[in-house]
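Engineer:
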Amino acid sequence: MEKQTWKIGEIAKLTGITVRTLHHYDQIGLLSPSQLSDKGHRIYTGKDIERLQQIISLKQLGFSLVEINAFIENQSFDRVQIIKIQLDSVKKQIELQEDLCIRLEAIYKLLNSQKDVSVNQFINLIEVTNMVEKYFSKEQLELMKQQTEQFSDEEKKQIEIEWSQLIANIRGELEKNTPPENQRVIQLAIQWQELTNKFVAGDQEIVKAAERFHSENQNNSLHYGVYKDLYLYIKEAMSHI
-14 MEKQTWKIGE IAKLTGITVR TLHHYDQIGL LSPSQLSDKG HRIYTGKDIE
36 RLQQIISLKQ LGFSLVEINA FIENQSFDRV QIIKIQLDSV KKQIELQEDL
86 CIRLEAIYKL LNSQKDVSVN QFINLIEVTN MVEKYFSKEQ LELMKQQTEQ
136 FSDEEKKQIE IEWSQLIANI RGELEKNTPP ENQRVIQLAI QWQELTNKFV
186 AGDQEIVKAA ERFHSENQNN SLHYGVYKDL YLYIKEAMSH I
């Protein structure tokens, strides 16, 4: 006969969710056990486990506990749709991992065919692969690739010059302690946006992904001159546009 009830320790052991987390869910009213034993111990039912699965699915999709509670309490909440969204998300992650596998195989063949590959080159390849796959989706990488391919070699060179000059100009204003709300700095922020949009086609999700990279990897060598203080400075200027 299939088990009908579970103690909190059993739930923790079966699901990998800590007792402390289950206690917290109970305290905030997100998941309270349907029953209590004579000694006051929490007893969970099949319905409780079903609700727990919904909580974990929504949490994995990035929703806060407050948002999750609102979703589940909503009478029109569609548990089937949540499973479908989570399934799509997992499939996308699988695709990304498969794509990463192809990339790594290509890097392996490249390194295997070259006898003189420096340690720094190898480290940089690993770093770039890790950063790109962590912050940008397959679709975003493809869009940026398409945007880049539309430029001629001469145009790419010109954009690179404009970008380098822009960073130098922003650095100059920062070193002079020019307020980010100053009109000169705001104009530089506008130029920053225009250059960025050439590569992201106005896709704000890509911009957000790039911002996450900058904020979580401050002063990393992949910033190409955009160090922490400069990034925060131009971001503040953009808020005044």
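Numbered according to the numbering used here, the sequence shown terminates at residue 226, and the numbering increases by one at each position without gaps. Glycine included, each C-beta is placed from N, C-alpha and C at the ideal position.
Between the Cα of Leu215 and those of Ala174, Thr30 and Gln132, spot the shortest distance and give me the residue it belongs to.
Structural biologist: As a first step, residue 215 is located in the sequence shown; it is residue number 230 there, counting from the start. Minimum Cα distance to Leu215 is reached at Ala174.
Engineer: Quickly, what does DSSP pair Trp(-9) with across the bridge? List them, please.
Structural biologist: Within the sequence shown, numbered from 1, the residue matching residue -9 stands at position 6. Looking at the DSSP assignment, Trp(-9) forms a beta bridge with Tyr29.
Engineer: Taking the straight line between their C-alpha atoms, what separation do you get for Glu134 and Glu158?
Structural biologist: Start at 1 with the first residue of the sequence shown, and residue 134 comes out as number 149. Start at 1 with the first residue of the sequence shown, and residue 158 comes out as number 173. C-alpha separation (whole angstroms): 33 Å.
Engineer: Using a 10 Å radius around the Cβ and a threshold of 16 neighbouring Cβ atoms, would you call Gln172 buried or exposed?
Structural biologist: For the purposes of this step, residue 172 is identified with residue 187 of the sequence shown, where counting begins at 1. With fewer than 16 Cβ atoms within 10 Å of its Cβ, Gln172 is classed as exposed.
Engineer: Looking only at C-alpha atoms, which of Glu147, Ile191, Leu21 and Asp11 sits nearest to Trp(-9)?
Structural biologist: For this step, residue -9 is matched to residue 6 along the sequence shown. Checking every option, the nearest Cα to that of Trp(-9) belongs to Leu21.
Engineer: By the three-class DSSP mapping on this structure, what secondary structure does Leu217 have?
Structural biologist: As a working mapping, residue 217 is identified with position 232 in the sequence shown. Leu217 falls in the helix class under three-state DSSP.
Engineer: So for Leu15, helix, strand or coil by DSSP?
Structural biologist: Numbered from its first residue, the sequence shown carries residue 15 at position 30. Coil at Leu15, not helix or strand.
Engineer: Relative to the C-alpha of Asp63, which residue among Lys77, Glu35, Val75 and Glu83 is closest?
Structural biologist: The residue labelled residue 63 in the question sits at position 78 within the sequence shown. Measuring from the Cα of Asp63, the nearest candidate turns out to be Glu35.
Engineer: Going by other Cβ atoms of all chains shown within 10 Å of its Cβ, with 16 needed for buried, is Ala222 buried or exposed?
Structural biologist: Walking along the sequence shown from the start, residue 222 turns up at place 237. So Ala222 ends up on the buried side.
Engineer: Once DSSP output is grouped into helix, strand and coil, what is the label at Gln168?
Structural biologist: Within the sequence shown, the letter at position 183 stands for residue 168. In this structure, Gln168 counts as helix in the three-state DSSP scheme.
Engineer: Pull up the DSSP beta-bridge partners for Leu21, would you.
Structural biologist: As a working mapping, residue 21 is identified with position 36 in the sequence shown. The partner list for Leu21 (beta bridge, DSSP) reads Arg27.
Engineer: Have a look at Ser74 and Thr163 and give me their C-alpha separation to the nearest angstrom.
Structural biologist: Within the sequence shown, the letter at position 89 stands for residue 74. Within the sequence shown, the letter at position 178 stands for residue 163. Going by the C-alpha atoms only, they are around 44 Å apart.
Engineer: Cutting at 8 Å between CB atoms, please list the residues of its own chain near Lys69, excluding the five before and the five after it.
Structural biologist: Here residue 69 refers to the residue found at position 84 of the sequence shown. For Lys69, where only same-chain residues beyond five positions count, there are no Cβ hits under 8 Å.
Engineer: What is the DSSP secondary structure of Gln45, reduced to helix, strand or coil?
Structural biologist: Numbered from its first residue, the sequence shown carries residue 45 at position 60. In this structure, Gln45 counts as helix in the three-state DSSP scheme.
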